[in-house]
Structure formats: C-alpha cells, structure tokens
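The structure appears below as structure tokens.
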Amino acid sequence: MSEHRLSDLEVKCAYLEKTLGELSDVVWRQQRELDAMKDAYKQLRDRVSADPGLVDASRQDRPPHY
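Taken in order, the sequence shown gives residues 65 to 130; the numbers are from this note's numbering.
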C-alpha cells in the first residue's frame, strides 16, 4: 500500500471517529430529553387520573367560537 493511500485512510478514519463521537453525544442528549418527556407525560397522566374533573373543566373553558 502506498504511503499516500495509507495517509488518506488515516485521515478518513480520524474523521469517522470524530463523527461517531459527535453522533453518540447527540443520541445521548436525545435520550435524556426523551426520558424527561416520558416523566412529564407520566406526571400529567397521573394528575388527570387522580382528578378527572381537570379534563372536564378544560372542555368547559373553551371560547364560544369553538
């Protein structure tokens, strides 16, 4: 394998390693965000289950044009 070809492969490998690290960070942040949204959804669902009147009250508060 020529020296030039080897150098090109090393550059590509370094670029791919950097990109993989960046993508891994993005996936990690998205997972944390998803976990937070799941927790918020569960809390909201629990509140509505505990007091079904919350849903009925929100339906009554609609403006007259609906």
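All C-beta atoms in this analysis are idealised placements derived from N, C-alpha and C, irrespective of residue type, glycine included.
Taken through DSSP and simplified to helix, strand or coil, His68 comes out as helix. When the beta-carbon positions are compared, Leu118 and Arg111 come within less than 8 Å of each other.
The beta carbon of Ser66 sits closer than 7 Å to none of the beta carbons in its chain outside the five residues before and after it.
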